[in-house]
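A.B. asks: First residue of the sequence shown: 190, per my numbering; consecutive thereafter. Below you'll find the structure I mean.
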Amino acid sequence: MTTSKLLYICPCPICEQGLLRPRICTSDSNPPESVAAVLCDECDAVWSTPSLHERILTKNEGEPACPRCKKSLWGPQTHWATLEEIYLLGWYNHIQVAVMETSDGD
Numbered sequence: 190m191t192t193s194k195l196l197y198i199c200p201c202p203i204c205e206q207g208l209l210r211p212r213i214c215t216s217d218s219n220p221p222e223s224v225a226a227v228l229c230d231e232c233d234a235v236w237s238t239p240s241l242h243e244r245i246l247t248k249n250e251g252e253p254a255c256p257r258c259k260k261s262l263w264g265p266q267t268h269w270a271t272l273e274e275i276y277l278l279g280w281y282n283h284i285q286v287a288v289m290e291t292s293d294g295d
């Protein structure tokens, strides 16, 4: 068995199926800038902060966009936030941790 940690804020209030998770987008600027968004891992709804006061609507709901660069939050310039990134964002108090166990194929 292998364990990993899934970092999330809460269940999605839109689809009630997915989890809202912090997603990091790193721009192509020099030096690179990173911006965080809250993304539902099921329906792709996006918020700008973990307080969920401001939902970001995109033209194509199936293709969630970074609030700053407008590129896809599923693109190669993005990743799920690490615990360290969450701490640096000041979002730590909003985060819940689920421990996931996966079989090693044995």
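Heads up, the beta-carbon is just placed ideally off N, CA and C, and yes, glycines get one too.
Which residue wins for smallest C-alpha separation from serine 335, given the options Thr238, Arg212 and Thr271?
C.D. replies: Residue 335 falls outside the range modelled here, since the chain spans only 190 to 295, and no answer is possible.
A.B. asks: Taking its Cβ as the centre, do 16 or more other Cβ atoms sit within 10 Å of alanine 225, making it buried, or is it exposed?
C.D. replies: Burial call: buried.
A.B. asks: Let me check understanding here. Comparing Cα to Cα, which of Glu231, Ile245 and Ser292 lies closest to tyrosine 197?
C.D. replies: The shortest Cα separation from tyrosine 197 among Glu231, Ile245 and Ser292 belongs to Glu231.
A.B. asks: At which residues does the beta strand (DSSP E) containing glutamate 222 begin and terminate?
C.D. replies: From DSSP, glutamate 222 is part of no beta strand (DSSP E); its letter is neither H nor E.
A.B. asks: In chain order, what are the residue ranges of uninterrupted beta strand (DSSP E) at least 3 long that sit wholly in the segment 230-271?
C.D. replies: Qualifying beta strand (DSSP E) stretches, in chain order: 267-269.
A.B. asks: Using the beta-carbon count (16 or more within 10 Å), is leucine 272 buried or exposed?
C.D. replies: Exposed: under 16 other Cβ atoms inside 10 Å.
A.B. asks: When the distance is taken between beta carbons, is alanine 287 closer than 8 Å to leucine 195?
C.D. replies: Yes, they are a contact pair.
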